[in-house]
Amino acid sequence: LVQGQGTCKIDMLAGPSELLILADAASHAPTVAADLLAQAEHDPSARPLLVCTSSALADAVDQELKSQLEALPSPNRETAAAALRNGFAVVAADLDQAVAISDRIAPEHLEILTQDASQVAGRCAHYGAVFIGRYAAEVLGDYGCGPNHVLPTGGTARYTGGLSVHSFLRVRTWMRMDSPTASEAQALLADSVQLARLEGLEGHARAAEVRIENPN
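My numbering puts the first residue of the sequence shown at 41, with every later residue one more than the last.
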(Lines of atoms letter the chains of each structure in order from A; the text may use other names.)
(Lines give C-alpha, C1' and ligand atoms only; values in the text may rest on other atoms or scores of the structure.)
Protein backbone atom coordinates (compact mmCIF):
# COMPACT_ATOMS: atom_id res chain seq x y z
CA LEU A 41 0.00 0.00 0.00
CA VAL A 42 2.78 2.46 0.90
CA GLN A 43 4.79 1.53 -2.21
CA GLY A 44 1.77 2.19 -4.43
CA GLN A 45 0.87 5.52 -2.85
CA GLY A 46 0.85 8.29 -5.43
CA THR A 47 1.17 5.82 -8.29
CA CYS A 48 -2.18 4.07 -8.25
CA LYS A 49 -5.52 4.78 -6.61
CA ILE A 50 -6.32 2.61 -3.60
CA ASP A 51 -9.65 3.62 -2.10
CA MET A 52 -9.91 0.84 0.49
CA LEU A 53 -8.41 -2.40 1.71
CA ALA A 54 -11.11 -4.74 0.42
CA GLY A 55 -12.43 -7.78 2.25
CA PRO A 56 -13.55 -9.96 3.78
CA SER A 57 -16.41 -10.65 1.39
CA GLU A 58 -19.97 -10.14 2.69
CA LEU A 59 -23.50 -11.21 1.84
CA LEU A 60 -26.56 -9.94 3.68
CA ILE A 61 -29.92 -11.51 2.90
CA LEU A 62 -33.14 -9.65 3.66
CA ALA A 63 -35.96 -12.15 4.09
CA ASP A 64 -39.47 -12.51 5.48
CA ALA A 65 -41.92 -15.26 6.38
CA ALA A 66 -42.57 -16.02 2.71
CA SER A 67 -38.90 -16.61 1.88
CA HIS A 68 -37.72 -20.08 0.86
CA ALA A 69 -35.49 -21.36 3.66
CA PRO A 70 -33.47 -23.84 1.50
CA THR A 71 -32.64 -21.02 -0.95
CA VAL A 72 -31.63 -18.64 1.84
CA ALA A 73 -29.38 -21.29 3.38
CA ALA A 74 -27.83 -22.24 0.04
CA ASP A 75 -26.93 -18.62 -0.69
CA LEU A 76 -25.44 -18.13 2.78
CA LEU A 77 -23.32 -21.24 2.32
CA ALA A 78 -22.20 -20.09 -1.13
CA GLN A 79 -20.90 -16.94 0.53
CA ALA A 80 -19.37 -18.85 3.44
CA GLU A 81 -17.26 -21.13 1.26
CA HIS A 82 -15.33 -18.13 -0.15
CA ASP A 83 -12.88 -18.15 2.75
CA PRO A 84 -12.90 -18.56 6.54
CA SER A 85 -13.20 -14.78 7.00
CA ALA A 86 -16.31 -14.38 4.83
CA ARG A 87 -19.43 -12.91 6.45
CA PRO A 88 -22.81 -14.55 5.69
CA LEU A 89 -25.57 -12.47 7.32
CA LEU A 90 -29.34 -12.89 7.57
CA VAL A 91 -31.80 -10.16 8.55
CA CYS A 92 -35.41 -11.32 8.51
CA THR A 93 -38.79 -10.54 10.00
CA SER A 94 -39.73 -14.10 10.96
CA SER A 95 -38.27 -16.15 13.80
CA ALA A 96 -39.76 -19.27 12.19
CA LEU A 97 -37.79 -18.57 9.02
CA ALA A 98 -34.61 -17.97 11.02
CA ASP A 99 -35.04 -21.36 12.73
CA ALA A 100 -35.76 -23.07 9.40
CA VAL A 101 -32.67 -21.51 7.81
CA ASP A 102 -30.57 -22.65 10.76
CA GLN A 103 -31.71 -26.24 10.24
CA GLU A 104 -31.09 -25.99 6.51
CA LEU A 105 -27.60 -24.64 7.10
CA LYS A 106 -26.74 -27.63 9.25
CA SER A 107 -27.95 -30.19 6.73
CA GLN A 108 -26.56 -28.41 3.67
CA LEU A 109 -23.21 -27.83 5.37
CA GLU A 110 -22.87 -31.55 6.09
CA ALA A 111 -23.50 -32.27 2.40
CA LEU A 112 -20.71 -29.97 1.18
CA PRO A 113 -17.49 -31.70 0.11
CA SER A 114 -14.20 -31.07 1.83
CA PRO A 115 -12.43 -28.62 2.04
CA ASN A 116 -15.45 -26.42 1.23
CA ARG A 117 -17.27 -27.74 4.28
CA GLU A 118 -14.52 -26.75 6.69
CA THR A 119 -14.11 -23.30 5.10
CA ALA A 120 -17.86 -22.64 5.21
CA ALA A 121 -18.13 -23.85 8.81
CA ALA A 122 -15.45 -21.38 9.87
CA ALA A 123 -17.09 -18.52 7.98
CA LEU A 124 -20.51 -19.25 9.45
CA ARG A 125 -19.07 -18.43 12.85
CA ASN A 126 -18.49 -14.87 11.56
CA GLY A 127 -22.12 -14.52 10.56
CA PHE A 128 -25.34 -13.93 12.42
CA ALA A 129 -29.10 -13.83 12.03
CA VAL A 130 -31.23 -10.92 13.21
CA VAL A 131 -34.99 -11.15 13.59
CA ALA A 132 -36.27 -7.61 13.06
CA ALA A 133 -39.57 -6.32 14.42
CA ASP A 134 -40.71 -5.33 10.93
CA LEU A 135 -39.42 -4.65 7.44
CA ASP A 136 -38.61 -1.02 8.26
CA GLN A 137 -36.24 -2.15 11.00
CA ALA A 138 -34.78 -4.84 8.74
CA VAL A 139 -33.97 -2.26 6.05
CA ALA A 140 -32.47 0.07 8.67
CA ILE A 141 -30.20 -2.74 9.93
CA SER A 142 -29.10 -3.54 6.39
CA ASP A 143 -28.29 0.11 5.71
CA ARG A 144 -26.31 0.30 8.95
CA ILE A 145 -24.18 -2.68 7.87
CA ALA A 146 -23.93 -1.48 4.23
CA PRO A 147 -23.05 -4.95 2.89
CA GLU A 148 -20.94 -5.71 -0.13
CA HIS A 149 -23.69 -7.95 -1.56
CA LEU A 150 -27.36 -7.54 -0.64
CA GLU A 151 -29.94 -10.16 -1.59
CA ILE A 152 -33.60 -9.29 -1.16
CA LEU A 153 -35.69 -12.45 -0.94
CA THR A 154 -38.83 -10.87 0.52
CA GLN A 155 -42.25 -10.43 -0.97
CA ASP A 156 -42.39 -7.31 -3.17
CA ALA A 157 -38.60 -7.49 -3.45
CA SER A 158 -38.39 -4.64 -5.96
CA GLN A 159 -40.27 -2.32 -3.63
CA VAL A 160 -38.02 -3.29 -0.73
CA ALA A 161 -34.92 -2.73 -2.87
CA GLY A 162 -36.06 0.82 -3.51
CA ARG A 163 -36.00 1.47 0.23
CA CYS A 164 -32.42 0.29 0.70
CA ALA A 165 -29.74 2.97 0.44
CA HIS A 166 -26.36 1.39 1.25
CA TYR A 167 -24.92 -1.69 -0.49
CA GLY A 168 -22.29 -2.59 -3.06
CA ALA A 169 -24.64 -4.56 -5.31
CA VAL A 170 -28.23 -5.63 -4.79
CA PHE A 171 -29.81 -8.85 -6.09
CA ILE A 172 -33.59 -8.58 -6.23
CA GLY A 173 -35.90 -11.56 -5.89
CA ARG A 174 -35.46 -15.29 -5.34
CA TYR A 175 -33.99 -15.98 -8.78
CA ALA A 176 -31.41 -13.18 -8.77
CA ALA A 177 -28.80 -15.19 -6.89
CA GLU A 178 -25.60 -13.46 -5.84
CA VAL A 179 -23.69 -16.40 -7.29
CA LEU A 180 -24.92 -15.36 -10.75
CA GLY A 181 -23.09 -12.09 -10.21
CA ASP A 182 -19.92 -14.13 -9.69
CA TYR A 183 -20.30 -15.91 -13.00
CA GLY A 184 -21.26 -13.63 -15.81
CA CYS A 185 -24.27 -11.41 -15.18
CA GLY A 186 -25.42 -8.74 -12.81
CA PRO A 187 -23.54 -5.78 -11.32
CA ASN A 188 -19.80 -5.27 -11.33
CA HIS A 189 -18.22 -7.58 -8.78
CA VAL A 190 -15.40 -5.37 -7.53
CA LEU A 191 -17.38 -3.96 -4.63
CA PRO A 192 -16.94 -2.06 -1.35
CA THR A 193 -16.71 -4.07 1.88
CA GLY A 194 -16.52 -3.34 5.59
CA GLY A 195 -19.27 -0.72 5.56
CA THR A 196 -17.57 1.42 2.90
CA ALA A 197 -20.70 1.07 0.73
CA ARG A 198 -22.08 3.91 2.84
CA TYR A 199 -19.93 6.34 0.85
CA THR A 200 -18.57 4.59 -2.26
CA GLY A 201 -19.64 2.18 -4.97
CA GLY A 202 -18.22 -0.62 -7.08
CA LEU A 203 -15.44 -0.35 -9.62
CA SER A 204 -16.56 1.36 -12.82
CA VAL A 205 -15.17 3.43 -15.67
CA HIS A 206 -15.49 6.44 -13.37
CA SER A 207 -12.83 4.91 -11.12
CA PHE A 208 -10.27 5.56 -13.85
CA LEU A 209 -11.15 9.22 -14.37
CA ARG A 210 -9.68 12.18 -12.51
CA VAL A 211 -12.01 15.00 -11.57
CA ARG A 212 -10.27 18.38 -11.88
CA THR A 213 -11.93 21.66 -10.95
CA TRP A 214 -11.17 25.19 -12.05
CA MET A 215 -12.24 28.78 -11.40
CA ARG A 216 -12.02 31.93 -13.49
CA MET A 217 -13.20 35.41 -12.50
CA ASP A 218 -13.96 37.40 -15.64
CA SER A 219 -15.26 40.54 -13.93
CA PRO A 220 -13.37 41.05 -10.66
CA THR A 221 -14.86 44.52 -10.31
CA ALA A 222 -18.46 43.28 -10.48
CA SER A 223 -20.42 43.68 -7.28
CA GLU A 224 -20.88 39.91 -6.90
CA ALA A 225 -17.13 39.33 -7.17
CA GLN A 226 -16.35 42.10 -4.71
CA ALA A 227 -18.88 40.68 -2.25
CA LEU A 228 -17.26 37.25 -2.55
CA LEU A 229 -13.84 38.74 -1.86
CA ALA A 230 -15.16 40.61 1.16
CA ASP A 231 -16.77 37.44 2.54
CA SER A 232 -13.49 35.58 2.05
CA VAL A 233 -11.63 38.24 4.02
CA GLN A 234 -14.05 37.93 6.92
CA LEU A 235 -14.04 34.11 6.93
CA ALA A 236 -10.24 33.98 6.75
CA ARG A 237 -9.91 36.29 9.75
CA LEU A 238 -12.46 34.27 11.70
CA GLU A 239 -10.17 31.28 11.15
CA GLY A 240 -7.12 33.28 12.15
CA LEU A 241 -5.55 33.08 8.69
CA GLU A 242 -4.42 36.65 8.13
CA GLY A 243 -2.40 35.76 5.03
CA HIS A 244 -5.51 34.35 3.41
CA ALA A 245 -7.45 37.47 4.32
CA ARG A 246 -4.85 39.76 2.79
CA ALA A 247 -4.64 37.67 -0.40
CA ALA A 248 -8.37 38.30 -0.89
CA GLU A 249 -8.21 41.87 0.35
CA VAL A 250 -5.58 42.91 -2.18
CA ARG A 251 -8.15 42.19 -4.91
CA ILE A 252 -10.87 44.38 -3.39
CA GLU A 253 -11.34 47.72 -5.07
CA ASN A 254 -11.23 50.62 -2.63
CA PRO A 255 -11.19 48.40 0.48
CA ASN A 256 -11.50 51.44 2.71
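Glycine included, C-beta positions come from ideal geometry on N, C-alpha and C.
Note on geometry: alpha-carbon atoms of LEU191 and ARG251 lie some 47 Å from one another. From the listed residues ILE172, HIS244, HIS149, HIS166, the smallest Cα separation to SER158 is found for ILE172.
Scanning its chain for C-beta atoms nearer than 7 Å, with the 5 sequence neighbours on each side dropped, one finds around VAL72 the residues ILE61, ALA63, LEU90, VAL101, LEU153, in chain order.
Within the model, the alpha-carbon separation for ALA98 versus SER142 is close to 16 Å. Residues THR193 of the same chain have their beta carbon placed closer than 7 Å to that of ALA54, with the five preceding and five following residues left out of the count. ALA138 is the residue among ALA138, GLU148, VAL179 whose C-alpha sits nearest the C-alpha of ALA129. Going by beta carbons, ALA197 and GLY168 fall inside the 8 Å limit. Between GLU224 and ASP218, the alpha-carbon positions lie close to 11 Å from each other.
Contact between GLU253 and GLN226 holds, with the beta-carbon distance rounding to 6 Å and staying under 8 Å. Around SER85, the same chain offers PRO56 as residues with beta carbons nearer than 6 Å, after the five sequence neighbours per side are excluded.
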